[in-house]
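Numbering (the UniProt record's numbering), first residue to last: 1 to 191. Virtual Cβ for every residue (Gly too), placed ideally from N, Cα, C. Taking it in order: structure first as structure tokens, then the write-up.
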């Protein structure tokens, strides 16, 4: 009898396809920030994630808007979610009282809040021409995430709020681009 074990229970690498860690550098290279209003969808489990959300033509018109950077637990999206008796998306979890889920490494509970983010942004030809290489930098995602740009999987990273960078030179286009990170609330469990 063969039992298939999900990747997130057997792969303990901290990241895939990220650039080596480094400090933020000051530079005269072209730069743009993606801070601002992002489309956002919350799911109580990674298994209920939206199929195809990473595709550029996906319709996210009914998704919420969420400021980035922010913490979804502390953002005022004032509607009730099924199964929750509080306003907003999730409650903040603090580990100085009781750990937020049973500690049974590498197994995670079925309920593992997942956030899907989408951001459309424009890149000019001048920006691309001025840079030999384009790097996408996340300054801290809690706790693990996968990332897509224009439908291409860039990679994934784990490590609560650590910096992660991806080389996007081959996937960044002049004109409209769509960035789609998805974030699992606890540990390695991703779709």
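6 Å CB neighbourhood of residue 128 in its chain, flanking five on each side removed: These residues qualify, in order along the chain: 174.
Please work out which residues of its chain come closer than 6 Å, Cβ to Cβ, to residue 60, disregarding the five sequence neighbours upstream and downstream, and give them in chain order. If we look at residue 60 and ignore the five residues flanking it on each side, its Cβ neighbours are 39, 118.
Nearest-angstrom Cα separation, counted from residue 181 out to residue 84: Low per-residue confidence applies at residue 84: pLDDT is 48, beneath 50, and the placement is therefore not dependable, though the value from the model is reported in the following sentence. Rounded to the nearest angstrom, the two C-alpha atoms are 24 Å apart.
How is residue 66 classed by DSSP in three states: helix, strand or coil? Three-state result, residue 66: strand.
Beta-carbon contacts of residue 176 that lie in its chain and below 7 Å, excluding the five residues immediately before and after: Same-chain partners within the cutoff: 120, 122.
Leaving aside the five residues before and after residue 14 along the sequence, list all residues of the same chain whose C-beta is less than 6 Å from its C-beta, in chain order. Hits under 6 Å: 158, 159.
Thinking C-alpha only, which one of 151, 28, 67, 44 is nearest residue 171? Ranking the options by Cα distance to residue 171, first place goes to 151.
Tell me residue 181's beta-bridge partners as DSSP assigns them. DSSP lists 147 as partners of residue 181.
The ligand GTP heavy atom lying under 7 Å from the CB of residue 168: Ligands in the displayed structure: none, and consequently the ligand GTP is not present.
Please list the terminal residues of the continuous beta strand (DSSP E) segment that includes residue 122. Segment 114-123, the beta strand (DSSP E) holding residue 122.
Between residue 166 and residue 135, what straight-line distance do the alpha-carbon atoms span, to the nearest angstrom? In a straight line, the C-alpha of residue 166 is about 6 Å away from that of residue 135.
Ignore the nearest five residues each way along the sequence and tell me which others in residue 133's own chain have a CB closer than 8 Å to its CB. If we look at residue 133 and ignore the five residues flanking it on each side, its Cβ neighbours are 167, 169.
Are the CB atoms of residue 138 and residue 163 within a distance shorter than 8 Å? It is a contact, given that the beta carbons lie within the stated cut-off.
Rounded to a whole number of angstroms, what is the C-alpha to C-alpha distance between residue 18 and residue 179? Answer to the nearest angstrom: the Cα atoms are 16 Å apart.
How is residue 127 classed by DSSP in three states: helix, strand or coil? Here residue 127 carries a helix assignment [DSSP, helix/strand/coil].
DSSP on residue 31, reduced to helix/strand/coil? Three-state DSSP puts residue 31 in coil, outside helix and strand.
For residue 157, which residues does DSSP report across the bridge? Bridge partners of residue 157 according to DSSP: 15, 145.
Per DSSP, what kind of secondary structure is residue 140 in: helix, strand or coil? In the structure shown, residue 140 adopts coil according to DSSP, grouped into three states.
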